[in-house]
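The structure under discussion appears below in the form of structure tokens.
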Amino acid sequence: MNASSLPPAQQSSERPANSLYGGTRNRRTTVRDVATAKQRGERWPMLTAYDALTAGVFDEAGIPVLLVGDSAGNCHLGYDTTVPVTMDQMVMLSAAVVRGTERALIVADLPFGSYQESPAQALHNATRLLKEAGVGAVKLEGGERTAAAIELLVQAGVPVMAHIGLTPQSVHALGGYPVQGRGDEAAHQLMRDAKAVQAAGAFAVVLEAVPAELAAQVTASLAIPTVGIGAGAGCDAQVLVWTDMAGMTSGRVPRFVKQYANLRSVLGDAARAFGEEVAGGSFPGEEHSFH
Ligand code: KIV
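Take the sequence shown: its letters are residues 1212 to 1502, numbered as in this note's numbering.
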């Protein structure tokens, strides 16, 4: 693929050729590319994806990192939380996202219960995601408490994205999805968590639902990129759940979400138009029929 055959979003003349977003790279993003983006001070986008078709759209749009989040539980599989998501489900969804993409680094979540028992359990399940689904990295939730698991995975050659602040797999312990890091002690703990996952070898860290000022301080103190969600503008990267970002989600979305489209209404309109034409007898027409 050369620069002139890239989709419009990737042809920006204002961005250097080696930019993570908007560059002319014709291979998959690697964790080294992510590290050099931090050194250049480049900001970059990440989206979730749960299937080959949607992932392909985001890949063509130049999104350099796609997360097969266990938010698939709420956003794709119909559960209330991420807690019920299984390893088998994550392997299936991740393999589809890998098949549907050519350039994005695919990061897959280790779901609840797949890494908390021991670092060995984390390595066993991360290995499944790399071997069976073909992802390039895994993500797990927790700061200091997950450092030993991150260390073992990284030593074994598994790139790890950490996730601190609000950790949705702990919804039952947290009693919901409250903002984290408010107050001195909580802010110090968040900084300790960030430093612990960096020291353990994580290549990036998601900061979820933390005050913007604190996220900016954490970002400035780390050599690895921070990926914010509800963490203000001071992070190196930003992630959104795609169904929230594109307006597919029904009901209330968190305050930190910006909706860039209203796909739910577009799809609903298409389904209603189809329904009306079938019921009224105008579909299929002659042009849709064989003789
Ligand atoms: O599961 C997920 O989608 C996530 C993002 C919200 C960061 O962890």
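Where a beta carbon is used, it is the ideal one built from N, C-alpha and C, also for glycine.
Computed from a predicted structure; not experimentally measured.
Check whether the Cβ of residue i lies closer than 7 Å to any heavy atom of the ligand KIV, and answer yes or no.
i, result
"residue 1502", "no"
"residue 1440", "yes"
"residue 1401", "no"
"residue 1374", "yes"
"residue 1282", "yes"
"residue 1320", "yes"
"residue 1460", "no"
"residue 1278", "yes"
"residue 1245", "no"
"residue 1253", "no"
"residue 1293", "yes"
"residue 1450", "yes"
"residue 1417", "yes"
"residue 1259", "yes"
Take residue i as the anchor and find which of the options has the nearest alpha-carbon.
i, options, result
"residue 1266", "1439, 1244, 1305", "1305"
"residue 1354", "1488, 1425, 1388, 1409", "1409"
"residue 1364", "1376, 1380, 1490, 1350", "1350"
"residue 1517", "1330, 1394, 1450", "Nothing can be reported for residue 1517: it is not among the residues displayed for the chain, which extend from 1212 to 1502."
"residue 1448", "1372, 1496, 1500, 1264", "1372"
"residue 1506", "1478, 1389, 1227, 1376", "Given a span of 1212 to 1502 for the chain in the structure shown, any question on residue 1506 remains unanswerable."
"residue 1392", "1367, 1424, 1406", "1424"
"residue 1433", "1231, 1225, 1249", "1249"
"residue 1503", "1479, 1495, 1437, 1485", "Because residue 1503 is not part of the residues shown, which for the chain are 1212 to 1502, the question remains open."
Cβ of residue i within 8 Å of Cβ of residue j?
i, j, result
"residue 1467", "residue 1441", "yes"
"residue 1459", "residue 1475", "yes"
"residue 1204", "residue 1369", "With the chain running from 1212 to 1502 in the structure shown, residue 1204 is simply not present."
"residue 1415", "residue 1309", "no"
"residue 1396", "residue 1378", "no"
"residue 1281", "residue 1302", "no"
"residue 1360", "residue 1333", "yes"
"residue 1407", "residue 1358", "yes"
Considering residue i, what are the terminal residues of the alpha helix (DSSP H) in which it resides?
i, result
"residue 1478", "1474 to 1491"
"residue 1267", "1263 to 1271"
"residue 1406", "1395 to 1411"
"residue 1351", "It is not in any alpha helix (DSSP H) - residue 1351 instead sits in the beta strand (DSSP E) that spans 1348 to 1352."
"residue 1231", "Here residue 1231 belongs to no alpha helix (DSSP H), and DSSP marks it neither H nor E."
What residue range is occupied by the uninterrupted beta strand (DSSP E) comprising residue i?
i, result
"residue 1372", "1371 to 1376"
"residue 1320", "1316 to 1320"
"residue 1256", "1255 to 1259"
"residue 1284", "It is not in any beta strand (DSSP E) - residue 1284 instead sits in the alpha helix (DSSP H) that spans 1283 to 1286."
I'd like to confirm something about residue i: is its beta-carbon nearer than 7 Å to some heavy atom of the ligand FAD, or not?
i, result
"residue 1235", "Within the structure as shown, the ligand FAD is missing, the only ligands being the ligand KIV."
Is there contact between the region 1311 to 1329 and the region 1341 to 1349, where contact requires at least three CB pairs shorter than 8 Å?
yes
Below 8 Å, can you find three or more Cβ-Cβ pairs linking the region 1448 to 1455 to the region 1277 to 1296?
yes
State whether the region 1269 to 1276 contacts the region 1237 to 1250, with contact taken as three or more CB pairs (one from each stretch) at a distance under 8 Å.
yes
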